[in-house]
Amino acid sequence: MFEELGTTAEGDMLINIGPQHPATHGVLHLVMTLNGETIKKTEPHLGYIHRSIEKMCESLTYRQFVYVTSRMDYLSSHINNHGCSLAVEKAMQIEVPERAQVIRVIMDELTRIASHELWWGAMAMDLGAFTPFFYSFRERETITDIMEETCGARLTMNYICPGGVMMDLHPDFQKRVKSFISLFKSKFDEYNELVTGNIIFQNRMKGVGVLSKEDAISYGCTGPTARGSGVSSDIRKLYPYEVYSKVQFDEVLETGGDSFSRYMVRINEMLQSIKIIEQLIDNIPEGEFQAKTKAVLKLPKGEFYQRVETARGELGIYIVSEGGTTPHRIKFRSPGFSNLSALGHMVKGSKIGDLVATMGTLDLVIPDIDR
Amino acid sequence: MFIIDYIKDIFKGLKSLLTGMRVTGYYFTHHKEIITEQYPDNRATLKMADRFRGEVVMIHDENNEHACTGCSACELACPNGTIKIINKFELNAEGKKKKAIDTFIYHLELCTMCNLCVVACPTDTIKMEPNFEHSVYDRSKLTKVLNRPGSKIKAGVE
Ligand code: SF4
Ligand code: SF4
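So the protein sequences, as listed, match chains A and B. Be aware that the first sequence starts at 37, since it is given in this note's numbering, and climbs by one per residue. Be aware that the second sequence starts at 6, since it is given in this note's numbering, and climbs by one per residue.
Structure representation (structure tokens):
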């Protein structure tokens, strides 16, 4: 599998990018075949951060396995927990109280904004602009503070659990979210001034890493990567769960298929998330935050599938139950894996400098790909 | 025509660069906007959120009494074997044998702060503390016994 590095018989160069490279945001290892500066082939090698989470889940109970999923795509930990909880609830036919549903959706959207903020800063940093990182982290910090206050953690939340949410909202929650919304709106123009409108940035992004609509579908891309190519793939719209069917928001679609389109999808998705939060934050119904459930959950025999829209795309949770307290088999369909598989196709024939501009807009989280 | 477009591009680029630099300049001259925290210099004033999950502790009252019955619900709820409950048998007032906690062993180095044990405890004996400075020189120091020496169960807790 590992070819000898160096020069091949045709005069091409084989080089490694990663697994310790700042542009790969983790331990992604790309073996590239280069002809001069032109990319001929890109081969991702995975497995550096494989923790066998799927296998681990088989020995954990249905309450315990939720917390592990925070460690897959750690930037959308709420949404991962949400998907697992939904799958368990679907199997056991647990009715989740309205209050918990609204809290979950607000948390999901806050997570989405936080994740896109981090992506925005990190991507600008990949392209050589260092300060945007600080600006995005300034707003992201407000979200993590809100999370810390209500959920008790900043990254690996384990707040959404089968039956509802673990704790009730902090009394200050609504006030702080509202102040975050007004802060975000006042700072959002800065993002566009700093990066989006910059000609150098646009020249590096436009027409780079083009993924056609057909290819996006055949590679199984989801999330902003697919929507940048004009594929409607928002699970929140197509298969609405919880209260997503009741809120008004648009699915952001761009048709360019290049890096700039994917960039614009993510930037505009933040605004849509703000729109969803605004509709819900004043209408959190009173009542229970958790359904009454037994201490030990037992799923009926059968197979259950649930999909949710994380910040990176579609996460599928597939549980095979033999009727016991632990799953017989669990499979996660992670968005990053399919999105990464399209990378080789996207950068083929372009220059090596464009690789970073393309990879940055895929928003890869390696633990999500490797699990 | 090519030359004119080229020069136009340069000016457009300069303009967009200056637009971006305006943001940078604004923060350069407005020191009130600085949000950096000087940890660990600000340790005295640093306030963590009350719910922040930093470590599991057992609640003791002023009489050195806790509410732990030794039921092991937390041990079973923990996904990675962080808690070990060792029970003993005590004679109660009527001379009957009764189960009681002997040692509550907590491996901080294994704990993922998932809060499942706290939720599982039927008597609300354990809770999360916002202390996050856990570095020690020896790994064995991270294995803790949570019930204090000489402590006993509160009267009336079953
Ligand atoms: S917080 Fe989680 S990992 Fe830590 S002791 Fe409790 S149940 Fe175990
Ligand atoms: S801490 Fe709570 S759950 Fe754990 S043994 Fe004591 S009473 Fe039971």
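The beta carbon of each residue, even a glycine, is placed where N, CA and C say it ideally should be.
- A buried status is given to A/Y277, since no fewer than 16 other beta-carbon atoms sit within 10 Å of its beta-carbon.
- Cα atoms of A/G243 and B/T29: separation of roughly 28 Å, rounded to the nearest angstrom.
- By the neighbour-count criterion, in which 16 or more other beta carbons inside 10 Å mark a residue as buried, B/N69 falls on the exposed side.
- In this structure, A/S222 keeps its C-beta atom at 7 Å or more from the C-beta atom of A/L247.
- If you draw a straight line from the Cα of A/L351 to the Cα of A/V288, it is about 18 Å long.
- A straight line joining the alpha-carbon of A/G72 with that of A/I130 spans about 59 Å.
- Distance between B/D107 and B/K101, taken at the CA atoms: about 17 Å.
- At a cut-off of 4 residues, the continuous stretches assigned as alpha helix (DSSP H) that sit fully inside the segment 63-150 of chain A are 89-93, 101-105 and 113-128.
- Rounded to whole angstroms, the separation of the alpha carbons of B/P154 and A/M183 is 36 Å.
- The beta carbon of A/L391 sits closer than 7 Å to those of I75 and V383, all from its chain and outside the five residues before and after it, given in chain order.
- The DSSP-derived three-state label of A/M202 is coil.
- CA-CA distance, B/G86 to B/C122, rounds to 11 Å.
- Note on the segment 9-71 of chain B: whole beta strand (DSSP E) runs with a minimum of 3 residues are 60-63, in chain order.
- Nearest to A/I405 by alpha-carbon distance, out of A/G385, A/M193, A/S374 and A/G47, is A/S374.
- Among the bridge pairs identified by DSSP, A/G338 is matched with A/S357.
- Apart from the 5 residues on each side of it in sequence, B/R58 sits with its Cβ closer than 7 Å to the Cβ of M118, N120 and M133 in its chain, given in chain order.
- A straight-line Cα-Cα distance of about 15 Å links B/K89 and B/E60.
- For a cut-off of 8 Å, the C-beta gap from A/L230 to A/P168 is around 6 Å, short enough to register as a contact.
- With a cutoff of 6 Å, B/C122 counts as near ligand 1, since its C-beta is closer than that to a heavy atom of the ligand.
- DSSP, read as helix, strand or coil, puts A/E345 in strand.
- Contacts with chain B at 7 Å (Cβ-Cβ) do not include A/E290.
- When the alpha-carbon of B/S156 is set against those of B/Y44, B/F109 and B/L147, the nearest one is in B/F109.
- In this structure, A/E185 sits away from A/H152, with a CB-CB distance that is not shorter than 7 Å.
- Short note on B/T128: C-beta closer than 6 Å to some heavy atom of ligand 2.
- Within 6 Å of the C-beta of B/S77 there is at least one heavy atom belonging to ligand 2.
- DSSP places A/Q326 in the strand class (E or B) of the three-state scheme.
- Per DSSP, the continuous alpha helix (DSSP H) segment holding A/M300 begins and ends at S295 to I317.
- Pairwise C-beta distances place the segment 139-158 of chain A in contact with the segment 102-121 of chain A, as three or more of them are shorter than 8 Å.
- For A/H65 and A/H381, the gap between their C-alpha atoms comes out near 16 Å.
- By the criterion of at least three beta-carbon pairs nearer than 8 Å, the segment 296-305 of chain A is in contact with the segment 248-265 of chain A.
- Distance from the CA atom of A/T105 to the CA atom of A/S95, rounded to whole angstroms, is 14 Å.
- Within 8 Å of the CB of A/M202, the CB atoms of chain B belong to N120 and V124, in sequence order along the chain.
- Chain A places a beta carbon closer than 7 Å to that of B/K17, counting this residue as a contact.
- Cβ atoms of A/Q284 and A/K126 stay farther apart than 8 Å, at about 25 Å.
- Within the same chain, Cβ atoms closer than 8 Å to the Cβ of A/K214 are found at I317, the five residues on either side in sequence being excluded.
- In terms of beta-carbon proximity, A/I142 stays away from the interface with chain B, with every pair separated by 7 Å or more.
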